[in-house]
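Since the structure comes first, as structure tokens, the remarks are kept for the end.
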Amino acid sequence: MYSKNLQYYSLIDVHESFPPELISEVYESIDTGKNIFYDPKHTWYKQVLANQSIVEFTHKIFDFPHVSTVQVIKPGLPIHIDFGRTEAFNFIIDAGGDKVETCFYHPDDFYFNENNKLRPNNSKYREIERVCIPSMTWHKLDVSIPHNVIGIETTRISITLVKK
Ligand SMILES: [Fe+2]
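One rule links them: number in my numbering = place in the sequence shown (from 1) + 1004.
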């Protein structure tokens, strides 16, 4: 299940290759960019504003209004629904391991608890899609249904665009 369009994952054909010099700008953004994730206490997830050269590049290749950010994911990301967006436009710089997979789950099998955390109704929640997303490829994810990333061994780093 590699490089294939699925229900919740699709490749985006961008006719402009990614400038290799922007890779160091991604790491620079992680070091210096403002963390805009709503809960900065989370140790497994950080979302920082991308620096100007990345902002300029993503606006060159995508014509929809968006905020360009870099996300840093560590092992332990729970099953969640993205807050503030229904789709994510991503480009993975470092997958974070050899067999890292993005999984989607059946929305009927989850509920929001009193702390607004997504929880399974019981232990038998259904996985509906799983994909090993190739690095250095633009793709779109439907992040409006429960999903997570499994198999991260180091740190997963990607550019992620938030539509305005
Ligand atoms: Fe997500």
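Using N, Cα and C, we set each Cβ at its ideal position, and we do this for glycine too.
Status (buried if at least 16 other CB within 10 Å, exposed otherwise) for R1130: exposed
Whole beta strand (DSSP E) elements within the segment 1058-1110, 3-residue minimum: 1070-1077, 1091-1098 and 1105-1109
Closer than 7 Å: D1086 CB and nearest ligand 1 heavy atom: yes
For W1142, the residue or residues it bridges with in DSSP: F1095
Touching by the beta-carbon criterion (3+ pairs, under 8 Å), the segment 1155-1163 and the segment 1064-1083: yes
8 Å Cβ shell around I1058 - same chain, five flanking residues per side excluded: L1026, E1029, V1030, S1033, S1072, V1074 and I1163
beta-carbon I1151 near ligand 1 non-hydrogen atom, thresh 7 Å: For the record, residue 1151 in the displayed sequence is His; it is not Ile. Because some heavy atom of ligand 1 lies under 7 Å away, the Cβ of H1151 counts as near it: yes.
Other residues of its chain near L1122: CB distance less than 8 Å, five sequence neighbours each side excluded: P1082, I1083, H1084, I1085, F1114, Y1115, F1116 and P1150
Straight-line Cα distance separating N1120 from V1147: 17 Å
C-alpha gap between F1061 and I1132, whole angstroms: 34 Å
Beta-bridge partners of R1160, as assigned by DSSP: I1077
H1143 classed as buried or exposed, judged by whether at least 16 other C-beta atoms fall within 10 angstroms: buried
DSSP beta-bridge partners of E1133: F1108
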